[in-house]
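If you read the protein sequences in the order shown, they are chains D and B. Just so we're aligned, residue 21 is where the first sequence starts under the numbering used here, counting upward by one. Just so we're aligned, residue -2 is where the second sequence starts under the numbering used here, counting upward by one. The beta-carbon is built from N, C-alpha and C at its ideal position, and this holds for glycine as well. Here is the structure we will look at.
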Amino acid sequence: MSTAVPSAHAHAEGGHTPFLQHHFREMSQQFDAAKIGMWLFLVTEVLLFGGLFVGYGIMHARHPEAFMAAHHHLDKTMGALNTVVLLISSFTMVLSVWAAQTSRKKLLILFLLLTLACAGTFMVVKYFEYSHKFHEGLLPGKYYSHKGDTVPGQFLFFSFYFMMTGLHGIHVLLGMAAIAWLVWRAARGHFSSAYYAPVEITGLYWHLVDLIWIYLFPLMYLIS
Amino acid sequence: MTHANEHAHPVTSPKTYGLVLLALLVLTVITVQASYFDFGPWNTVVALIIASAKGSLVALFFMHLRHDKFNAVIFVGGLLFLAIFLIWTLFDISTRQTVLPSNLKTPVEEFPGAPLGGPVRPSTGQPRGMPAQ
């Protein structure tokens, strides 16, 4: 321990791992810095989605009948299916962090691929939901062209629906790109108990995407 | 030299994660079932309480916040600002007078289904004054 000089030999010999960047004293410092950075980013994400949630809350409070009528166009089963798929993907993601922490390379790759598969399933279900709505003219704002409504103003709900689930969907796609990058690095043997910060912080991001969906699901699909 | 982080970040067993997943799935079933009951004005509140229980499980276990007080403070701090944002906005809209179309400076563009709370032609659901479909 002690305030030891960040010994020259750690650098010279390539030390324990080549992944320690020179401006960090040791791996644990680098790891903690990466985590704090990710958490600060996640807070900005919470506030980004928070703005949409507040807008949704205001419009829902002002036009309860329109929101109530509009949400019947959504398929609860599809929404519940996607919730389950995303929860399972969070589970496999946290298991890949565990596999990295315990230096199990094959399991790490397996769990990352399972996470990718779940994310892909989520997007496919979303694709079917979206194309159904495009077909019916259930679109945001002035693009709304659904015929036979008895309650006016339903375009409002779909403005929020597409903005919120669309932004969430973009996050899922970006998460998939990050996880694919992790698979590539894991296959090259970069991760072990000594170095797994990228797996950990990508996991944090992925869980936040899951967390946002946990709130979106009841607000969009289960209004009663 | 030892790797400090191997001991500083405790490893949770897959079994614990499995139980958390099980709890999350059970709560998902509960929230779907709860949507078929009518709690009157509490419907949204009940849904949000269940969602928050699920969110807490994800944050505490999957995101390791139960071993990570420092980042928990950052996250909860962010949620605090979200709460201020939401509550102060609700203060505003709940004490404000209704916006009437006559108070608006520019006319609101009309499109199918646009007028909020306006009269509706019962046969088509389209607002009155629109050409019949």
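Close Cβ partners of Asn102 (chain D) (< 6 Å) along its chain, the five nearest in sequence each way excluded: Phe142, Val145
Candidates B:Ile71, B:Thr28, B:Lys51, of which the one nearest Thr41 (chain B) by Cα: B:Thr28
Alpha-carbon to alpha-carbon, Leu106 (chain D) and Leu21 (chain B): 11 Å
Every unbroken beta strand (DSSP E) inside the region 146 to 222 of chain D [3 residues or more]: none
8 Å Cβ cutoff, Pro11 (chain B) in contact with chain D: yes
Cβ of Ala28 (chain D) within 8 Å of any chain B Cβ: Because the pLDDT at Ala28 (chain D) is just 41, under 50, the model does not fix this residue reliably, and the value given afterwards should be weighed accordingly. Not a single CB atom of chain B sits nearer than 8 Å to the CB of Ala28 (chain D).
Interface flag, Thr92 (chain B) vs chain D, CB-CB below 8 Å: no
Under 7 Å from the C-beta of Lys51 (chain B): neighbouring residues of chain D: Ile234
Chain-order list of residues whose beta-carbon lies under 7 Å from that of Leu202 (chain D) (same chain, five-residue window excluded): So the list reads Leu132, Pro218, Val219, Thr222, once near-sequence residues are dropped.
Proximal chain D residues relative to Phe88 (chain B), where beta-carbon distance stays under 9 Å: None at all; the shortest Cβ gap to chain D is about 12 Å.
C-beta atoms of Phe87 (chain D) and Ile243 (chain D) nearer than 8 Å: Using a Cβ distance threshold of 8 Å, Phe87 (chain D) and Ile243 (chain D) count as a contacting pair.
Pair within 8 Å by beta-carbon distance, Tyr200 (chain D) and Leu136 (chain D): Reading the sequence as shown, one finds Ala at residue 200 (chain D) and not Tyr. Yes, the Cβ-Cβ distance between Ala200 (chain D) and Leu136 (chain D) is below 8 Å.
Beta-carbon proximity check, Gly186 (chain D) vs Trp226 (chain D), cutoff 8 Å: no
Straight-line Cα distance separating Gln121 (chain D) from Arg205 (chain D): 15 Å
Alpha helix (DSSP H) segment containing Phe44 (chain D), residue limits: Taken as a continuous stretch (DSSP letters only), Phe44 (chain D) belongs to no alpha helix (DSSP H), as it is neither H nor E.
DSSP state of Val229 (chain D) mapped onto helix, strand, coil: helix
Within chain B, the residues that Ile108 (chain D) reaches when beta carbons sit closer than 8 Å: Leu18
Rounded separation between Val26 (chain B) and Ile108 (chain D) - CA only: 14 Å
Residues near Glu149 (chain D) in its chain [Cβ-Cβ closer than 6 Å; skip 5 each side]: For Glu149 (chain D), where only same-chain residues beyond five positions count, the Cβ hits under 6 Å are Met98.
Residue-level contact to chain D via CB, Gly75 (chain B), 8 Å cutoff: Gly75 (chain B) counts as touching chain D.
The alpha helix (DSSP H) enclosing Phe111 (chain D), as first and last residue numbers: 96 to 121
Exposed unless 16 or more other CB atoms sit within 10 angstroms - verdict on His43 (chain D): exposed
Distance between beta carbons of Met183 (chain D) and Leu72 (chain D), contact taken as under 8 Å: The pair is a contact, with the Cβ atoms about 6 Å apart (cut-off 8 Å).
Cβ contact (3+ pairs, closer than 8 Å) linking the region 8 to 17 of chain B and the region 112 to 120 of chain D: yes
Minimum Cβ-Cβ distance from Gln121 (chain D) to chain B less than 8 Å: yes
Within chain D, partners of Lys83 (chain B) - CB distance below 9 Å: Residue identity check: residue 83 (chain B) is Leu in the sequence provided, not Lys. What Leu83 (chain B) touches in chain D: Gly70, Phe73, Val74, Gly77.
Separation of Arg124 (chain D) from His64 (chain B), as counted between CA atoms: 22 Å
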